Amino acid sequence: MHGEYKVPGGKLVTVDLEVRDGSIADVRLAGDFFLEPDDALEVIDAALVGLPHETSTSELARAVDDALRIAEQDGRVAGRVTMVGFDAWAVAVAVRRALGMATTWDDHTFEVLRPGPLPPATLAALDQVLTEELADGRRGPTLRFWDWNERAVFIGSFQSLKNEVDPVGVREHDVTVVRRISGGGAMFMEAGNCVTFSLVVPASLVDGLSFEQSYAFLDSWVLGALQDVGVEAYFSGLNDVASPAGKLAGSAQKRLAGGAVLHHMTMAYDIDNAKMLEVLRIGREKLSDKGTTSANKRVDPLRSQTGMTRDAIVDAFEAHFKAHHRTVDSALRPDELARAEDLVRTKFGNPDWINRVP
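Numbering (our numbering), first residue to last: 1 to 358.
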C-alpha cells in the first residue's frame, strides 16, 4: 500500500506499508524532506508498526512524536531530532492515504458546472443541495462556477445581520441579502464584479487535515490558476489569498455529517468600493482601522493585475483545474434545481433564516 502527502509550502512525504491481521506492518517512510539525525527515520517507521489499521490521524501523529521524544531521551538517536519540510502530522496523513482511509485529488473525477446566471438565493441553496447530493452518493465531487445578474450580499451563517448589513444601503441599491450555510464574512457581489466558485468534495479528501490546512489544500490549485493569468498570489491568514497589491480572495467552508465538505471562494474582480461601504457596515470598520479617508474608488485586483475580462479569467480557472485534475463537464439536474427552489422558499428566501442571528 502506498500513500503520499505534499505538505503545503513544504516537502513530499511518501509511505509504503502492509496490513497484517488488522495491524500496520513493514512501514517505509520516504520523501524529499530533511531529517536529522539519519537514524530518526528508523524510529518513525518502527513507531507505526503494530498500530491498528483504523488508527486516527491524530493518534498516528502522536505515536510518531512520542517515539521520537523517547528516542532522544534514551539516546537511541544521535542528537536532537530535526524535521524540516514535514512533521509527524504529515507522516500520519500519508499513512492514512496508504491505508485507503484518506483520498487524493487523483482518486476522484470532478463534475464541472457552469449553469449560467441564477438568483442569489438559488446560488446559496445549490451549495446545500450539491453538498447533500454528494453526502448521499447521488453525485460526485463538483466544481461549480457562480453567475448572477442581481446585486447581492452574502453573509456568513453565524454573522449578525444588523452588524454586517446597512438596511438603508440595501434599499437604496436594491440589494438581495442572502445568508449562506458556511461561516466566514460578508460578500458584496454585483453582477460581473467577482469570481466565485463552490467546490464540493468528500471528507476523505481532507482526512487528517486541520481546518486551516484544508483551506490551503483545497485552494492550492487557485494559486496556480492565478499564476496562469499573471497574478502572484499566496495564502494569508486562515482563509484568504493575497497578492503584493493586497487581498484577492476569501474562502469559507461547511462540513456535513454525511461526509461531504463544501468549500467556496470569492475573488474581487472589479468592486465598487463606495457602494459596498454603503451596504456593508463591517467594511467601514475595517477601513477606519486603516485610516482610510476616501472610499470613492474601485477595488479591482483581478482586472487591474490581469487586464482580462471576468469571463476570460473564469475560463482560465476552469482550464487550469481541468489540466490538473480528472474532470467531466456536467449540468444541474432538474430535481436538484427543484430542490434548490424549494429551499429558497422555505429557507434561503425566508426572513427567519436571514435573521437567524439578528
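We put the CB at the ideal spot given by N, CA and C, even for glycine.
These figures come from a predicted structure and were not determined experimentally.
Exposure of residue i, with buried meaning 16 or more beta-carbon neighbours within 10 Å
{"i": "leucine 238", "result": "exposed"}
{"i": "asparagine 355", "result": "exposed"}
{"i": "lysine 290", "result": "Annotation note: pLDDT 39 at lysine 290 (below 50); position unreliable, coordinate value reported separately. Exposed, by the Cβ-count rule."}
{"i": "aspartate 65", "result": "buried"}
{"i": "proline 120", "result": "buried"}
{"i": "aspartate 127", "result": "buried"}
{"i": "lysine 162", "result": "exposed"}
{"i": "glycine 307", "result": "exposed"}
{"i": "glycine 349", "result": "buried"}
{"i": "arginine 345", "result": "exposed"}
{"i": "tyrosine 215", "result": "buried"}
{"i": "phenylalanine 34", "result": "exposed"}
{"i": "arginine 139", "result": "buried"}
{"i": "serine 294", "result": "Low per-residue confidence applies at serine 294: pLDDT is 38, beneath 50, and the placement is therefore not dependable enough to give any value."}
{"i": "arginine 310", "result": "buried"}
{"i": "aspartate 272", "result": "buried"}
{"i": "glutamate 42", "result": "exposed"}
{"i": "glycine 137", "result": "exposed"}
{"i": "threonine 292", "result": "Confidence at threonine 292 is low in this model, with a pLDDT of 35, below 50, so its placement is unreliable and no value can be given for it."}
{"i": "alanine 257", "result": "exposed"}
{"i": "alanine 331", "result": "exposed"}
Residue i: first and last residue of the uninterrupted beta strand (DSSP E) it sits in
{"i": "arginine 28", "result": "23–31"}
{"i": "tyrosine 234", "result": "234–236"}
{"i": "serine 390", "result": "Outside the shown range of the chain, which is 1 to 358, sits residue 390, and nothing can be said about it."}
{"i": "glycine 3", "result": "2–6"}
{"i": "aspartate 16", "result": "12–20"}
{"i": "phenylalanine 158", "result": "Phenylalanine 158 -> no beta strand (DSSP E), and no H or E assigned at all."}
{"i": "arginine 144", "result": "142–145"}
{"i": "aspartate 228", "result": "Element bounds for aspartate 228: not the beta strand (DSSP E) but the alpha helix (DSSP H), 220–228."}
Close Cβ partners of residue i (< 7 Å) along its chain, the five nearest in sequence each way excluded
{"i": "proline 301", "result": "Ser243, Ala245, Gly246, Leu248 and Ala268"}
{"i": "alanine 30", "result": "Thr14"}
{"i": "aspartate 228", "result": "Ala316 and His320"}
{"i": "glutamate 164", "result": "Ile155, Ala186, Leu280, Arg281 and Ile282"}
{"i": "arginine 171", "result": "none"}
{"i": "histidine 53", "result": "Val19, Gly22, Ser23, Ile24 and Leu99"}
N-terminal and C-terminal residue of the alpha helix (DSSP H) that residue i is part of
{"i": "threonine 57", "result": "57–74"}
{"i": "proline 52", "result": "Taken as a continuous stretch (DSSP letters only), proline 52 belongs to no alpha helix (DSSP H), as it is neither H nor E."}
{"i": "proline 120", "result": "120–135"}
{"i": "methionine 276", "result": "273–279"}
{"i": "threonine 352", "result": "The question names threonine, but residue 352 is aspartate in the sequence shown. From DSSP, the alpha helix (DSSP H) with aspartate 352 extends over 351–354."}
{"i": "serine 304", "result": "301–306"}
{"i": "leucine 332", "result": "Here leucine 332 belongs to no alpha helix (DSSP H), and DSSP marks it neither H nor E."}
{"i": "glutamate 318", "result": "310–324"}
{"i": "alanine 94", "result": "88–98"}
9 Å Cβ cutoff met for residue i and residue j
{"i": "valine 357", "j": "phenylalanine 158", "result": "yes"}
{"i": "glycine 3", "j": "alanine 94", "result": "yes"}
{"i": "threonine 57", "j": "aspartate 207", "result": "yes"}
{"i": "arginine 96", "j": "leucine 60", "result": "yes"}
{"i": "valine 13", "j": "lysine 6", "result": "yes"}
{"i": "valine 81", "j": "proline 37", "result": "yes"}
{"i": "glutamate 299", "j": "methionine 276", "result": "The sequence given here has valine at residue 299, not glutamate. Closer than 9 Å, so yes."}
{"i": "glutamate 336", "j": "valine 129", "result": "yes"}
{"i": "isoleucine 282", "j": "alanine 186", "result": "yes"}
{"i": "leucine 205", "j": "tryptophan 105", "result": "yes"}
{"i": "threonine 131", "j": "lysine 254", "result": "yes"}
{"i": "methionine 26", "j": "valine 49", "result": "Methionine is not the amino acid found at residue 26; the sequence shown has aspartate there. Closer than 9 Å, so yes."}
{"i": "alanine 135", "j": "glycine 259", "result": "yes"}
{"i": "aspartate 39", "j": "arginine 76", "result": "yes"}
{"i": "histidine 263", "j": "aspartate 329", "result": "no"}
Beta-carbon contacts of residue i that lie in its chain and below 6 Å, excluding the five residues immediately before and after
{"i": "glutamate 212", "result": "Leu238"}
{"i": "serine 160", "result": "Val357"}
{"i": "phenylalanine 145", "result": "Arg114, Phe197 and Val314"}
{"i": "glycine 169", "result": "Glu278 and Val279"}
{"i": "alanine 47", "result": "Ala63, Val64 and Ala67"}
{"i": "lysine 347", "result": "Trp353"}
{"i": "glutamine 305", "result": "Val231"}
{"i": "glutamate 133", "result": "Arg139"}
{"i": "glycine 79", "result": "Pro37"}
{"i": "aspartate 32", "result": "Lys11 and Leu12"}
Whole-number beta carbon distance between residue j and residue i, since they are thought to touch under 8 Å
{"i": "leucine 209", "j": "phenylalanine 217", "result": "6 Å"}
{"i": "proline 141", "j": "valine 200", "result": "6 Å"}
{"i": "isoleucine 24", "j": "valine 91", "result": "Contact flag wrong, Cβ pair sits at about 12 Å."}
{"i": "threonine 103", "j": "proline 202", "result": "7 Å"}
{"i": "arginine 180", "j": "tryptophan 353", "result": "Not quite, the Cβ-Cβ distance comes to about 10 Å (not below 8 Å), so this is no contact."}
{"i": "glycine 183", "j": "alanine 252", "result": "6 Å"}
{"i": "asparagine 371", "j": "aspartate 270", "result": "Limits of the chain in this structure are 1 at one end and 358 at the other, which puts residue 371 out of reach."}
Cβ neighbours of residue i in the same chain (closer than 8 Å, five flanking residues each side left out)
{"i": "proline 117", "result": "Asp147, Trp148, Asn149 and Ala191"}
{"i": "glycine 100", "result": "Met1"}
{"i": "phenylalanine 321", "result": "Phe110, Val112, Leu143, Trp221, Ala225 and Thr327"}
{"i": "methionine 189", "result": "Pro120, Trp148, Arg151, Ala152, Val153, Phe154, Thr196 and Thr266"}
{"i": "histidine 173", "result": "Arg151, Lys275, Glu278 and Val279"}
{"i": "tyrosine 234", "result": "Leu223, Val241, Ala242 and Ser243"}
Residue i at chain C interface by Cβ criterion, 9 Å
{"i": "glycine 156", "result": "Absence of chain C from the displayed structure is noted, only one protein chain being present."}
beta-carbon residue i near the ligand SAM non-hydrogen atom, thresh 8 Å
{"i": "serine 243", "result": "Only the bare structure without any ligand can be found here, which leaves the ligand SAM out of the picture."}
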